[in-house]
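A.B. asks:
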Amino acid sequence: MALRFHNTLTRSVQDFVPLDPAGKKVGLYCCGPTVYDFAHIGNWRTFVFADLVRRTLEFSGYDVRHVMNITDVEDKIIKRVREAKTTLRDFTGQYETAFFDDLKALGCRLPHVTPRATEHIPEMLDLIAKLLERGVAYKAADGSVYFSIEKYRGCGCTYGQLVKLNYDEMRAGRRVTSDEYDKESLADFALWKARVLEDGEVFWASPWGEGRPGWHIECSAMSMKALGRTFDLHLGGEDLAFPHHEDEIAQSEGATGQPFVKYWMHGAHLMVEGKKMSKSLGNFFTLRDLLAKGYSGREVRYLLLTAHYRETFNFTLEGLTGAKTALARIDECVGKLRELGAQGSSPPGSASSDFLARFSNALSDDLNISAAWAAVFDWVRDTNKRLADTALTAADAASALAAWEKVDSVLGIGSKAEAEAPGEIQALAEERTAAKKAKDFKRADAIREELKAKGWAIEDTPKGPKLKKV
RNA sequence: GGCGGGGUCGCCAAGUGGUAAGGCAGAGCUCUGCAAAAGCUCCAUUCGUCGGUUCGAUUCCGACCCUCGCCUCCA
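In my numbering, the protein residues as written are 42 to 511.
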């Protein structure tokens, strides 16, 4: 079954056909973080979504080139750099490092290219020069350069490809508030912002005077540099569709005269405990906050991956606790398969092919992850049943495991690291076994409690007691 | 005001013009010295409200109620 994705450009789900004539290579760009603070759970939903898109493409056999920018110069950053009396690089560096740490904790594959805005100023200047040359940009009195939507439209281009806009009404806009810039038209946006006092040391030289790039231009410059003038997929949060993505299209197509992106995909926002996430409500979580509460990155990943990407998702702590239980069930099942099929290495057999087909069909249908999980849990139940009936041979187990590995190459939840119990814990477990043998159940239960207090659960299996880290 | 998502079991969340996936929570049973793990069974005659189309609608149409988002630098 061919992959089908919802394309914001057409507002419909359509077959995914890469630009590559060989049908192999795929260029994927996702708007990355603005490194002025720790990314919050809402940001993470978008990045985990991007990771899912990439993994699904790779699962389907595509050779993906994944690019994600790092926005390391922007209004909020400059403001905080000034407040913290530090340098731009020092300030953004800490959050950039934290971002990648978190990305790894969430089991996301690292993008192949992660360009920083500040390291691509020349590319942006080139692009701006091109836009001026083509007459769709103009230099204002203060030295800033703006994109002219009117001129752009005059060339027969469409502004408003991702959202329906009533351009004439926009121009009439009642929003004539503090217009701090010298724009010809309210809808025009900055490509280059002339240096002002508050920028401090954050500025670059340009043919139009000192200043810094506008927000949208970096994505156009860096995505086209890494992926070419026209590429397959561009992702981001739904709020970015307008104006950011719309402006990217305008800048890119205005400069190259070629289509910019074939498929646009937007991830929906999330709410926390049924409410819009906000700092004042105390439901504003960073990944660090959740890790500090004792949840793991893979639990957060699992929860973020339980809902369809285009639906607003309600993120709850209760859900996160449920995620722990659900994952433990998968771990238990996969763990048993590992024990049984350790020595074999069979390809997924026919018993697993239904599972794989169901899983893959679900994902192909615009990433129907919920249906994919349903396939996973049905498989877990079925596998457990066969495990309990001892109906599985080592070869069966190995082949089931191979199927799981394939599925997990998309889900990316991996398996819980099997912790080796330390000597002290082992000794206690042995003591309990001895007590049990002597029918001293009181003592045995006391030891079990003690182990529990030390963070270890003990389960009696036909093969003897088994220790598990809680 | 304009545009666009949603309202499905206690919670989360799929789905379909033909009678409701999955996860968590919950109940009972099997196994166990007791547990745990696992298995089995149960857990929405019902899909925001009211109309309409239809042999049949949760699914299509209309109205209404509620909710979320975007409308110039927020994932």
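Beta carbons: idealized from backbone N, C-alpha and C, even for Gly.
The beta strand (DSSP E) that contains ASP104, what's its start and end?
C.D. replies: Segment 104–109, the beta strand (DSSP E) holding ASP104.
A.B. asks: Which residue wins for smallest C-alpha separation from TRP245, given the options PHE79, GLY315, LEU166 and ASP330?
C.D. replies: Considering only alpha carbons, the answer is LEU166.
A.B. asks: With DSSP as the reference, identify every bridge partner of VAL313, one or two as the case may be.
C.D. replies: Paired residues: LYS316 and PHE356.
A.B. asks: Let me make sure I understand the geometry here. Which of GLN299, LEU408 and ASN84 has the alpha-carbon closest to that of ARG45?
C.D. replies: ARG45 has its Cα closest to that of LEU408, out of GLN299, LEU408 and ASN84.
A.B. asks: Where does HIS153 land, buried or exposed, given buried means 16+ other C-beta within 10 angstroms?
C.D. replies: Classification for HIS153: exposed.
A.B. asks: Tell me the DSSP secondary structure of LYS192 in three-state form.
C.D. replies: Reduced to three states, the DSSP call for LYS192 is helix.
A.B. asks: Among the candidates ARG236, GLY363 and GLU279, whose CA atom is the shortest distance from the CA of ARG351?
C.D. replies: The shortest Cα separation from ARG351 among ARG236, GLY363 and GLU279 belongs to GLU279.
A.B. asks: How would you label PRO248, buried or exposed, when you count the other beta carbons within 10 angstroms and need 16 or more for buried?
C.D. replies: By the neighbour-count rule (16 or more Cβ atoms within 10 Å), PRO248 is not buried but exposed.
A.B. asks: With DSSP run on the structure shown, which of helix, strand or coil describes LEU151?
C.D. replies: Here LEU151 sits in coil by DSSP.
A.B. asks: Can you tell me whether PRO42 is helix, strand or coil according to DSSP?
C.D. replies: Looking at the sequence itself, residue 42 is Met, so the reference to Pro does not match. It is coil, neither helix nor strand.
A.B. asks: So GLY64 and LEU172 are in contact, right, with Cβ under 8 Å, and what is the actual spacing, rounded?
C.D. replies: Not really, about 33 Å apart at Cβ, beyond 8 Å.
A.B. asks: GLY241 to PHE141, Cα distance in whole Å?
C.D. replies: Each residue's alpha carbon lies about 28 Å from the other.
A.B. asks: By how many angstroms is the C-alpha of ARG339 removed from the C-alpha of ALA228?
C.D. replies: Approximately 43 Å, taken between the alpha carbons.
A.B. asks: Could you pull the start and end residues of the beta strand (DSSP E) that ALA231 belongs to?
C.D. replies: Note, ALA231: beta strand (DSSP E), 230–235.
A.B. asks: Which one of LEU69, MET42 and GLY83 has the shortest CA to CA distance from HIS310?
C.D. replies: Of LEU69, MET42 and GLY83, the residue nearest in Cα terms is GLY83.
A.B. asks: Suppose the cutoff is 7 Å on Cβ atoms and the five residues either side in sequence are ignored; what does the same chain contact list for GLY184 look like?
C.D. replies: Closer than 7 Å at Cβ, skipping near neighbours: ALA235, TRP249, GLY250 and GLY252.
A.B. asks: Mapping DSSP to helix, strand and coil, what is PRO248?
C.D. replies: In this structure, PRO248 counts as coil in the three-state DSSP scheme.
A.B. asks: Starting from ASP501, trace the beta strand (DSSP E) in both directions and tell me its first and last residue.
C.D. replies: Note, ASP501: beta strand (DSSP E), 497–502.
A.B. asks: Considering only residues of the same chain and omitting the five flanking positions on each side of CYS149, which have a CB-CB separation below 7 Å?
C.D. replies: For CYS149, where only same-chain residues beyond five positions count, the Cβ hits under 7 Å are PHE88, VAL89 and ASP92.
A.B. asks: What residues in its chain sit with their C-beta under 6 Å from that of THR75, if we drop five residues either side in the sequence?
C.D. replies: Cβ within range, chain order: THR112 and GLU115.
A.B. asks: Please go through the same chain and pick out, in chain order, the residues whose beta-carbon is closer than 7 Å to the beta-carbon of LYS192, but skip the five residues on each side of it.
C.D. replies: Contacts found: GLY176 and VAL177.
A.B. asks: Quick one, are the C-beta atoms of LEU206 and ARG106 less than 8 Å apart?
C.D. replies: No, the pair does not count as a contact, with Cβ atoms beyond the cut-off.
A.B. asks: Between HIS286 and GLY134, what straight-line distance do the alpha-carbon atoms span, to the nearest angstrom?
C.D. replies: HIS286 and GLY134: Cα-Cα distance of roughly 26 Å.
A.B. asks: If you check the beta carbons only, do ALA439 and GLY382 fall under 8 Å apart?
C.D. replies: Their beta carbons are under 8 Å apart, which means ALA439 touches GLY382 by this criterion.
A.B. asks: Quick check on ALA213: does DSSP put it in helix, strand or coil?
C.D. replies: For ALA213, the pLDDT reaches just 39, beneath the cut-off of 50, and the residue's location in the model is therefore unreliable, although a value from the coordinates is still provided. In this structure, ALA213 counts as helix in the three-state DSSP scheme.
A.B. asks: Rounded to whole angstroms, what is the Cα-Cα separation between TYR136 and TYR77?
C.D. replies: Cα-Cα distance, rounded: 7 Å.
A.B. asks: List the residues that DSSP assigns as beta-bridge partners of VAL67.
C.D. replies: According to DSSP, VAL67 bridges with VAL105.
A.B. asks: Where does the unbroken alpha helix (DSSP H) through LYS426 begin, and where does it stop?
C.D. replies: 410–429 is the span of the alpha helix (DSSP H), which, as asked, contains LYS426.
A.B. asks: Taking the beta carbon of LEU281 as the centre, do at least 16 other beta carbons fall within 10 Å, making it buried, or is it exposed?
C.D. replies: It is buried - the Cβ of LEU281 has at least 16 other Cβ atoms within 10 Å.
A.B. asks: Using the beta-carbon count (16 or more within 10 Å), is LEU344 buried or exposed?
C.D. replies: Counting Cβ neighbours within 10 Å, LEU344 comes out buried, since at least 16 surround it.
A.B. asks: Among ARG96, THR353, PHE57 and ILE118, which one has its Cα closest to the Cα of ARG86?
C.D. replies: Comparing Cα-Cα distances from ARG86 to each of ARG96, THR353, PHE57 and ILE118, the minimum goes to THR353.
A.B. asks: According to the neighbour-count rule (16 or more other Cβ atoms, all chains shown, within 10 Å of its Cβ), is CYS260 buried or exposed?
C.D. replies: Buried, since its Cβ has 16 or more Cβ neighbours within 10 Å.
A.B. asks: What's the call for LEU98, buried or exposed, on a 16-neighbour Cβ count within 10 Å?
C.D. replies: So LEU98 ends up on the buried side.
A.B. asks: Pull up the DSSP beta-bridge partners for PHE272, would you.
C.D. replies: In the DSSP output, where bridge partners are listed per residue, PHE272 has VAL302.
A.B. asks: Which stretch, first to last residue, makes up the beta strand (DSSP E) that contains ASP56?
C.D. replies: First-last of the beta strand (DSSP E) with ASP56: 53–56.
A.B. asks: Identify, in the order they occur along the chain, each residue of the same chain with its Cβ nearer than 7 Å to the Cβ of ALA412, setting aside the five sequence neighbours on each side.
C.D. replies: Around ALA412: ALA403.
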